[in-house]
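Report on one structure; see the data block that follows.
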Amino acid sequence: MLCRPALWGALFLGITALFAADIFQVQTLTPETRKQAAELYDQECYACHRWNRKFAGPAMQGNVERYFDNPKALFDYLKDPKPIHPDVYRPMEIKKLSDQEASLMVAWLISLAKDSLAQDRPR
Ligand code: HEC
């Protein structure tokens, strides 16, 4: 009997953790946040990526399409890149992105990959 509250507490924490893991909201972008994302990409990503072709890293359009169904996994990758094609590429090395930067990048990249006419799409 005594440990019941603890059990409920644990159950509650477990359920909230599950939801936190599942519900990843791709943020809505404004012209200002799009600009921030483009600047961040310019500084941290453009050195190695081109949109439609392989460069130091694989082409960005395809990179992003792989994550359409699971934006949270893209967020996780950007926070902590794990080797994906060790036979072809070196593991990606980037500066540590904050949660805010990574989530901004996810939203912007996905919006660009879904809109081939986007004005702010990098080369
Ligand atoms: C120093 C070069 C370099 C920089 C800078 C860089 N990348 Fe990469 N990126 C790579 C390489 C190399 C790979 C392939 C890694 C692999 O296969 O393990 C890659 C792969 C990726 C992928 C594909 C992951 C997958 O699942 O296939 C994404 C998405 C990505 N980069 C996004 C970014 C973003 C966003 C930035 C900027 C914040 C960035 N990269 C900066 C080199 C770079």
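Okay, so the sequence shown: first residue is 2 according to my numbering, each after it adds one.
Positions of the beta carbon are idealized from the N, C-alpha and C atoms, including for glycine.
Say yes only if the C-beta of Glu94 is nearer than 7 Å to one or more non-hydrogen atoms of the ligand HEC, and no if none qualify. Translated into positions along the sequence shown, residue 94 becomes position 93. True, at least one ligand heavy atom lies under 7 Å from that Cβ.
Since Arg124 and Arg35 should fall inside the 8 Å C-beta cutoff, what is the C-beta to C-beta distance between them, to a whole number of angstroms? Position 123 of the sequence shown, counting from 1, holds the residue named residue 124. Position 34 of the sequence shown, counting from 1, holds the residue named residue 35. Contact flag wrong, Cβ pair sits at about 17 Å.
Under a three-way DSSP split, which group does Gln28 fall into? On the sequence shown, residue 28 is found 27 positions in, with the first residue counted as 1. If DSSP states are grouped into helix, strand and coil, Gln28 belongs with coil.
Do Glu45 and the ligand HEC come close, with the Cβ less than 7 Å from some heavy atom? Counting from 1 along the sequence shown, the entry for residue 45 is found at position 44. Yes, the ligand HEC has a heavy atom inside 7 Å of this Cβ.
Separation of Ala108 from Ala60, as counted between CA atoms: Taking the sequence shown and counting its residues from 1, one reaches residue 60 at position 59. Taking the sequence shown and counting its residues from 1, one reaches residue 108 at position 107. So the two alpha carbons sit approximately 18 Å from each other.
Taking 8 Å as the threshold (beta carbon to beta carbon), is Cys4 in contact with chain C? This model lacks chain C altogether; it includes just one protein chain.
Please confirm whether Ala38 and Met106 have their CB atoms less than 8 Å apart. By 1-based counting over the sequence shown, the position of residue 38 is 37. By 1-based counting over the sequence shown, the position of residue 106 is 105. Yes. Within cutoff.
Integer-rounded CB distance, given that Lys83 should sit under 8 Å from Leu98: Residue mapping note: residue 98 aligns to position 97 of the sequence shown, counting from 1. Residue mapping note: residue 83 aligns to position 82 of the sequence shown, counting from 1. Contact doesn't hold; Cβ gap of about 15 Å is too wide.
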